[in-house]
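For what it's worth, my numbering labels the leading residue of the sequence shown as 138, then goes sequentially. I have placed the structure first, in the form of structure tokens, so that the comments after it can refer back to it.
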Amino acid sequence: MVDGDGLINVGAALRSLRRRADLSQRELAERAGVPKSTLARIEAGRGGDPGFRTVERLIRAAGGEVAFAVPSDAHPNAHPSAAHPNARRSDAEPPDEPRDEPRDQPRDEAGRRYPAHLDVRPVRTLKDWPGAWWAYSYPLPPELWPLPVPEWTYDLDRARRDEKRRRQRMLGRVSYRRDVGGAPETSRRFLAELSDGEIVGELRAHERSVDLLLGDDLGDRRELVLESVVVVPELRWLGIGRRLVELLVAEMTGTSIRTVHAIAEYSIVDFLLACGFELEAARPSALALRL
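Printed below as a string of structure tokens:
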């Protein structure tokens, strides 16, 4: 949120902080003891040169902090942005937001910018828009929608917005690795875990010999059988399972193993199709041994 001259864009920084705090302009202005009209002008870039105390009160009310750092090797008259490429400008500039979240571009049908504290998302299918109560079939293509829907929508439920942001923060702490401890050489186990070591996702697969399966000598051909892909419920639908499948495929590259087989049902079928699997003509019978 720095402009071409290396200066902080105060309005953009305040909007981002306010969004992270899930506050409307009115709520933030009341917390800071600043007129709402003043905050609106600052965020819109029409506030001229706002006073430092006013900006500081707004930043603190939104949960941010203001700090100054002067690099020791900077010339006394040098511009702060020219001191050092890694010089810290201010805590008023929050870290980057998730790339899949729109920022200030979306506007409603009246041309007004959506409030910064709302998580705005594009309406690609009727399922994206809670107001589509009149639709009997969510998969309808846009050209068959009986009524017009807005281009963007948002969730008014504060608890859901907080939960979504909490999941995104947890996703940022997830790392991936292959577990090689104690597993046979013919097995594959990939893990997704948080920074504290808590496992939140797992993929298991094992090799099988096509020679043994068919009773023929085919030159030691091998395939993989996908046993399971599991992710903890609170972090599902965030791409963790797909990432684990991608790691398995990446490891197969350059080896003689070219095929992964899987048997699945219900939503897992759609998940595997999205990962690049294809349905096969063979339909195995479902069997169970119960005691």
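C-beta: ideal position from N, C-alpha, C; glycine also. Predicted, not measured: the structure shown is a model, and the values here were computed from it.
Q.
Let me check understanding here. Comparing Cα to Cα, which of P278, S174, G378 and S274 lies closest to L363?
A. When only C-alpha atoms are compared, the closest one is G378.
Q.
Assuming I377 is part of the alpha helix (DSSP H), what are its boundary residues?
A. Segment I377 to M389, the alpha helix (DSSP H) holding I377.
Q: Counting only the same chain and skipping the five closest in sequence on each side, list residues whose C-beta sits under 8 Å from that of P421.
A: Correct list, in chain order: I400.
Q | Under 8 Å between C-beta atoms of V311 and A296 | A | Against a cut-off of 8 Å, the Cβ pair of A296 and V311 comes out as no contact.
Q) Do you know whose CA, among H398, E300, T290 and L409, lies nearest R372's CA? A) Just to set this straight, residue 372 is Leu in the shown sequence, not Arg. Out of H398, E300, T290 and L409, E300 has the C-alpha closest to the C-alpha of L372.
**Q.** Rounded straight-line distance, which links the Cα of R244 to that of Y291
**A.** Distance from the CA of Y291 to the CA of R244, rounded to the nearest whole angstrom, comes to 11 Å.
Q) Going by the beta-carbon positions, is the gap between G338 and V368 smaller than 8 Å? A) Judged by beta-carbon spacing, V368 lies within the 8 Å limit of G338, meaning their Cβ atoms are closer than that value.
Q: Under 8 Å by Cβ, that's how I've got R359 and I394 pegged, so tell me the actual separation to the nearest angstrom.
A: Confirmed, about 5 Å.
Q: Using three-state DSSP, classify I179 as helix, strand or coil.
A: Note: I179 maps to helix in three-state DSSP.
Q.
Please state the DSSP three-state secondary structure of R358.
A. R358 falls in the coil class under three-state DSSP.
(Q) I need the DSSP call for I336, collapsed to helix, strand or coil. (A) Under the three-state reduction of DSSP output, I336 falls in the strand class.
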